[in-house]
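S.K.:
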Amino acid sequence: MKLHTAIIKIFFPLALVIAIIFASNSILGGKGFDISQDKLFTLDKSTKQIISNSKKPVEIDFFFSKQASTQNPQIRQYGHRVRDILRQFASASNGTILLKEIDVNQFSQQEDAAIALGLLPYNDIGSSLEPIYLGAVFKSGNKISKIPYFDPQTSDMLEYEIAKSIINLQKEKQKTIGILSGQNWFIENNPNGAPKPIAQIAKSIAEENILINLSQDFANLPPNLDLIMIVQPWALSEAQQNLLSQYIANGGRAIICLDPYSNISVDNDLGNKHYIQNLGRLEKEWGIVFSNEVLMDKKGALPVHANINGRLNIMPQPLFFNVPPQNFNEKTEFLKGLKLGINFASPSYLNVPDDQKFQFTPILFSSNDNMRIESQKVSQYESPQEVANFWEGEDKQKIIAALIKPQTEMKNEKKGMVLVIADSDFLADSLYSDDGAQIADNENFILNSIDYLSGDQSLYQLRAKQKIKRNFTKIDSLKNAAQSQILEKQGVLNQELQTINQQIRELSLQGDNAETQNQLNILRQNALEKRAELKNLNEGIANSINKVKFILIAICAIIVPLILLLVWGIFYNKRQKIGLMINGKF
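Numbers in the working numbering are just positions in the sequence shown, counted from 1, shifted up by 8.
#1: Please report the straight-line C-alpha distance between Gln364 and Leu107, rounded to a whole angstrom.
#2: With a CB to CB cut of under 8 Å and the five nearest residues on each side skipped, what residues in its chain are close to Gly260?
#3: Buried or exposed for Asp225, please, with buried defined as at least 16 other CB atoms from any protein chain shown within 10 angstroms of its CB.
#4: Is it true that the stretch 141 to 156 meets the stretch 183 to 196, where meeting means three or more beta-carbon pairs spaced less than 8 Å apart?
#5: Run through DSSP, which three-state label would Met418 get?
#6: Identify which residue in Ala76, Glu167, Arg95, Ile272 has its Cα closest to the Cα of Leu435.
#7: Let me check understanding here. Comparing Cα to Cα, which of Ser253, Pro205, Gly87, Leu188 lies closest to Leu222?
#8: Any contact of the stretch 440 to 455 with the stretch 341 to 355, i.e. 3+ C-beta pairs under 8 Å?
#9: Determine, using beta-carbon pairs with one atom in the stretch 202 to 210 and one in the stretch 244 to 264, whether at least three such pairs fall under 8 Å.
#10: Can you tell me whether Gln82 is buried or exposed, with buried defined as 16 or more other CB within 10 angstroms of its CB?
#11: Assess contact between the stretch 67 to 75 and the stretch 137 to 150, defined as three or more Cβ pairs (one per stretch) separated by less than 8 Å. Is contact present?
#12: Per DSSP, what kind of secondary structure is Thr369 in: helix, strand or coil?
#13: Hey, Tyr86 and Phe158: beta-carbon distance below 9 Å or not?
#14: Can you grab the Cα-Cα spacing for the pair Asn359 / Val297, in whole Å?
#15: So if DSSP puts Pro205 in a beta bridge, which residue, or which two residues, is it bridged to?
#16: Can you give the Cα-Cα distance for Cys265 and Asp431, rounded to whole angstroms?
#17: Got a sec? Which residues, its chain only, sit under 8 Å from Leu528 by beta carbon, not counting five neighbours each side?
#18: Does the beta-carbon distance from Asp433 to Ser356 come in below 9 Å?
#19: Could you compute how far the alpha carbon of Ser374 sits from the alpha carbon of Glu400?
#20: Put Ala448 into one of helix, strand or coil per three-state DSSP.
#21: Taking the alpha helix (DSSP H) that Phe336 falls in, what are its first and last residues?
#22: Tell me the DSSP bridge mates of Pro324?
#23: So, under 8 Å CB-CB, Arg380 and Glu301 are touching, yes? Tell me the CB distance rounded to an integer number of Å.
#24: Report yes if the C-beta distance between Leu427 and Ala353 is below 9 Å; otherwise report no.
#25: Where does Leu219 sit, in a helix, a strand or coil, going by DSSP?
#26: Output the distance between the C-alpha atoms of Thr162 and Ala262, rounded to the nearest integer angstrom.
#27: Per DSSP, what kind of secondary structure is His282 in: helix, strand or coil?
#28: Ile59 and Ile458: beta carbons closer than 9 Å?
#29: Can you list the beta strand (DSSP E) stretches of 3 or more residues lying completely in the stretch 107 to 192, in chain order?
#30: Report all residues from its chain with a CB closer than 7 Å to the CB of Leu411; omit the five preceding and five following residues, and keep chain order.
#31: Does Phe226 come out as helix, strand or coil in the three-state DSSP assignment?
#32: Under three-state DSSP, which class holds Phe298?
#33: Measure the Cβ-Cβ separation of Ala121 and Ile110 and say whether it is below 9 Å.
#34: Between which two residues does the beta strand (DSSP E) carrying Asn7 extend?
#35: Which runs of the beta strand (DSSP E) spanning at least 3 residues fall entirely within the stretch 228 to 278, listed in chain order?
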C-alpha cells in the first residue's frame with residue numbers, strides 16, 4: 009500500500025505537468041516562450057518591421073488537411089508549426105493581415121479550391137492514399153502569390169518564405185537585373201529569350217527578380233536596370249567596356265565576380281579557366297585591382313577527400329576555405345546575421361587602389377595564415393599533402409571582396425557602386441550546399457548584396473534566420489586538430505619514405521652481397537616503423553575523440569538528468585519532512 013501511494017505521489021505531479029503543457033499549447037495557439045538559441049519560433053524584428061510597413065491589407069488562405077495528416081506525424085507536426093507562425097503574422101499586423109484556416113478533406117469543395125489555386129498535395133503512399141494539403145495563398149488587391157506546399161525539409165526558411173510572399177504583394181514592381189556571364193554552369197544564356205538559371209543561387213535570384221540576358225555581342229544596355237551582375241565574362245569589346253563604365257558612373261550598381269582559376273569550369277571543361285578576365289576601362293575607371301594569383305587559406309581550410317598512399321582520408325585543403333563571420337567587416341550591414349561564413353574555391357584577392365578618388369571598403373578578409381601561388385600552378389597543389397609539404401604562409405590578411413564607390417559626389421547625385429568579389433566558384437551549389445542544406449551563407453550573401461545595392465533592406469536578417477547544425481564544438485576542435493596533425497605527420501613521413509626508397513634503389517644497384525642485404529633490411533624495417541607510427545597516431549587520435557564524445561554524451565544524457573532527479577528528490581524529501589513536522593509526526 010505504501011509503495012502504491014509513493015508511486016502515485018511521484019507520477020501524479022509529472023502527469024499534471026504534461027497535462028498543463030498540452031493545455032497551454034492548445035489555449036495559447038502558438039504563443040509562448042521561445043528558448044531556442046536562434047529564436048527560430050519567434051518572429052524576427054525585421055519580420056515585424058515588414059508587417060508594420062505593410063500598407064495594403066493581405067488575406068492569407070491556409071489550406072491544411074488535418075484528418076489526412078494524422079497518418080503522417082511529421083507532416084502533422086509541421087502543419088501545426090506553419091499554422092502557429094501564420095497566426096503570429098496575423099496577430100502582429102493589428103488587422104492588416106487576415107488569416108483564414110481551411111481544413112481540406114478529399115473530394116470536398118475545399119480540395120477543389122486548393123487544386124484550382126495550384127496548391128500541391130503531399131501524397132504519402134506509404135501510409136495513406138489520401139493527399140495531404142499544406143499550402144497557402146496570399147492575396148492583396150488584384151495581386152496573388154502562393155506557397156504551393158510548405159516542405160518540412162526547408163523548415164528553416166519558413167518565416168522568410170512567408171515574409172517574402174507578403175513583400176512581393178506590396179511591391180510596385182520587381183527589380184530588373186542584367187546578367188553578363190560566360191559560365192554555363194552558373195546560368196545558361198539564351199540568345200532568343202530569358203537566361204536559364206542553372207546554379208541554385210541563379211534560380212533564387214530569378215525567383216525574386218526579373219533577369220535579362222546580355223548576349224556576347226550586346227551593343228546597348230536594357231533600360232531601367234536596377235543592377236548588373238558580371239560573372240567571369242568573355243572578353244569585352246571597347247564599346248562594351250565603355251557602356252558598363254558609363255552605366256555605373258551614372259548611378260548604376262554592379263556585382264563583379266572574377267576568378268583566376270575556376271575549379272568548377274575545370275571540372276566541367278567550361279568557361280575561362282586560368283586567368284582573370286580583363287575588364288578594361290571598368291577596372292581602371294573604378295579602382296578595381298585584381299591579383300592574378302590564387303589565394304590559399306590554412307585556418308579556414310575546408311575538409312576534402314584525399315588519397316594518401318592508397319588510403320582515403322579527409323584532410324583540410326587550403327585551396328577551398330571558409331571566410332567566417334569574424335573575418336567580415338563588422339560595419340557592413342548586409343553581412344550581419346550570416347553565421348555560417350562564406351566558402352570560396354581558389355579565389356584571387358584585391359589590392360587597394362592607389363587612386364584616392366575611390367572609397368574602397370573591404371568587406372571580406374582571409375585569415376592571416378595564407379599563401380599565394382600562380383594560377384598556372386594550382387594543379388600542383390590539388391593534394392592537401394602537397395600543400396602541407398610546400399606551405400609558406402604569410403602573416404597578413406588579404407581582401408576577398410570590397411565595395412567601391414566614388415569618393416567625391418554631389419549630395420543629390422545618385423551614387424554608383426560596385427561590389428567586387430575575387431571568385432566565381434563560390435556561386436556553385438557544391439561550395440555551400442550539402443543535400444539541399446546550406447552549410448555556408450553563399451546564397452544569402454549574394455541575395456543580401458543584391459538587395460543592398462538596389463536599396464531594398466527588408467529581408468537582410470530574415471534570410472539568415474535558419475537552423476544551424478549544432479555539433480559538439482569540443483569534438484569538432486579535436487577533429488580539426490587531428491586532421492592537421494595527420495596531414496603534417498603524413499608530409500614528414502612521405503619525405504622520409506622517399507629518402508628511404510631512394511636509398512633502397514641505390515643499394516640495389518650495388519650488387520647482392522650480405523652487407524647490402526643487411527642495409528636493405530634495415531631500411532625496409534625503418535619504412536615499416538614509420539607506417540606503424542602513422543597508424544598509431546591515427547588510432548590514438550580516434551580514441552581520444554571517442555573518449556571525449558562518450559564523456560559529453562554521458563554528461564548530456566545521464567549525468568544532467570540524474571542531477572535534476574536528485575534535486576527534485578531533495579526538494580520532495582524536504583517537503584515531506586515539512587509536512588510531517590506540521591502534522592506533529594516528525
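Note that beta-carbon positions come from the ideal geometry of N, C-alpha and C, so glycine has one too.
M.R.: Result, derived from the coordinates:
#1: 55 Å
#2: Same-chain partners within the cutoff: Leu233, Leu235, Ile236, Gly424.
#3: exposed
#4: no
#5: Here the model assigns Met418 a pLDDT of 49, short of 50, so the residue's position is not dependable, and the following value carries that caveat. Three-state result, Met418: coil.
#6: Ile272
#7: Leu188
#8: yes
#9: no
#10: exposed
#11: yes
#12: strand
#13: Contact: yes.
#14: Taking the straight line from one Cα to the other gives about 5 Å.
#15: Ile195
#16: 6 Å
#17: Ile512, Leu515, Ser516.
#18: Between Asp433 and Ser356, the C-beta gap is not smaller than 9 Å, which leaves the two residues out of contact.
#19: 15 Å
#20: coil
#21: Annotation: Phe336 is outside any alpha helix (DSSP H) and is labelled neither H nor E by DSSP.
#22: Paired residues: Pro311.
#23: 4 Å
#24: Not in contact: Leu427 and Ala353 (Cβ atoms no closer than 9 Å).
#25: Note: Leu219 maps to strand in three-state DSSP.
#26: 30 Å
#27: Reliability fails at His282, whose pLDDT of 47 lies under 50, so the model's placement of it is uncertain and the value that follows must be treated cautiously. In this structure, His282 counts as coil in the three-state DSSP scheme.
#28: The answer is no: Cβ separation not under 9 Å.
#29: 140 to 148, 151 to 155, 183 to 189
#30: Thr369, Ile371, Met425, Leu427
#31: Annotated three-state conformation of Phe226 is coil, per DSSP.
#32: strand
#33: Yes, the pair counts as a contact, with Cβ atoms nearer than the cut-off.
#34: Look at the range of the chain in this structure, 9 to 594, and you will see that residue 7 is not part of it.
#35: 235 to 239, 261 to 265
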